[in-house]
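Working notes, beginning with the structure itself.
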Amino acid sequence: MPPSQMSPMDLNAAVVCITGGSSGIGLGLAENFLNAGSTVIITGRRDGPLQEAKKKFPKIETFQGDVSDIESRKSLVVWLLENFPKLNILVNNAGIQRRVTAVKETDDWSERQAELDINVAAPVHLTHLLTPHFRRQPEACFMNVTSGLAFLPTMFAPLYGGTKACMHSFTMASRYAYEKTNIRLVEIAPPAVRTNLGAGDNRSHDYGEPCDEFCAGVFKRFAAGELEIGYNDSERWRLSSREQQEEEAAAMTKGMKPPQFS
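If you want it as structure tokens, here you go:
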């Protein structure tokens, strides 16, 4: 059975790529990796935010590309292996959250397809593409940023929660598959964090945990060797029983303001 904790990685020698790394949790994790001595590459769809991140952290390397696109993912991997042959950590962080109840869904299917492509297809494909290279490194890590909603589904973001539950299961299953290799599978499951996650529907996360505090807290546990990491609410949810999860999900749903999400 795979362990829940392993010996710490040598982060001073690590070369890390973080998708969706120009803001929010991605940039917060990038800062922590930089402070640990790692070489850090961030990716993003728009050049402006990437350059702003570079201005804030001059040591960061950047790559502009859309991980929801198959060919862009392939191009990213080719570029990474040509320019950073010692790459050994991939942080699958890029994600979008659409806040709409399933019964009120009216958007074109392409909106839901984009959520599936970024939240599921991208991390699974990138894991597949980089596994052969990672197997040749002394130690390597795939870190998947999921969500507390992987454990506690809510009505306001049903597909988002579903994609994160999928990635939770994928991470656990892969941990078994990679158990006897040099590759570790890490899951970071954030609660609500103050980021621009929901900015696509004009509802950014202006509530929840302060992003800097969250990133510092989970990074400390990752650096110590933990493999599945929640934070405050999401830590409680990931450790709770099915009965407790259902009770809390029902209570959360009752506490919502229906006009906001219907």
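Each residue of the sequence shown is one higher than the one before, starting from 873 at the first, in my numbering.
Glycine included, each C-beta is placed from N, C-alpha and C at the ideal position.
Put simply, the stretch 909-926 does not touch the stretch 984-996. Fewer than three CB pairs are less than 8 Å apart.
Note that the C-beta distance between Val1017 and Asn964 is below 8 Å. The alpha-carbon separation between Gly893 and Pro921 amounts to approximately 9 Å.
Your pair Ile1101 and Ile1055 does not check out as a contact, with CB atoms roughly 18 Å apart and the cut at 8 Å. DSSP links Ile914 through a beta bridge to Ile890 and Thr934. Looking at the DSSP output, Met1027 sits in no beta bridge, so it has no partner there. Within the stretch 939-1006, the alpha helix (DSSP H) runs of at least 4 residues that lie entirely inside it are, in chain order, 942-955 and 981-988.
Under the DSSP assignment, Phe1014 falls in the beta strand (DSSP E) whose first and last residues are Ala1012 to Val1017. For Val1090, the enclosing alpha helix (DSSP H) begins and ends at Cys1083 to Ala1095. Remark: C-beta atoms of Thr1125 and Met1027 approach each other more closely than 8 Å. Relative to the Cα of Phe1042, the nearest Cα in the group Phe1014, Ala1029, Val1065 and Pro1025 belongs to Phe1014. Across the set Thr1053, Leu1057 and Pro1030, the C-alpha of Leu1057 shows the shortest separation from the C-alpha of His1040. Cβ contact annotation for Val1090 (same chain, cutoff 7 Å, sequence separation greater than five): Ile1060, Ile1101 and Tyr1103, in chain order. In the three-state scheme derived from DSSP, where H, G and I count as helix and E and B as strand, Arg1108 is classed as helix.
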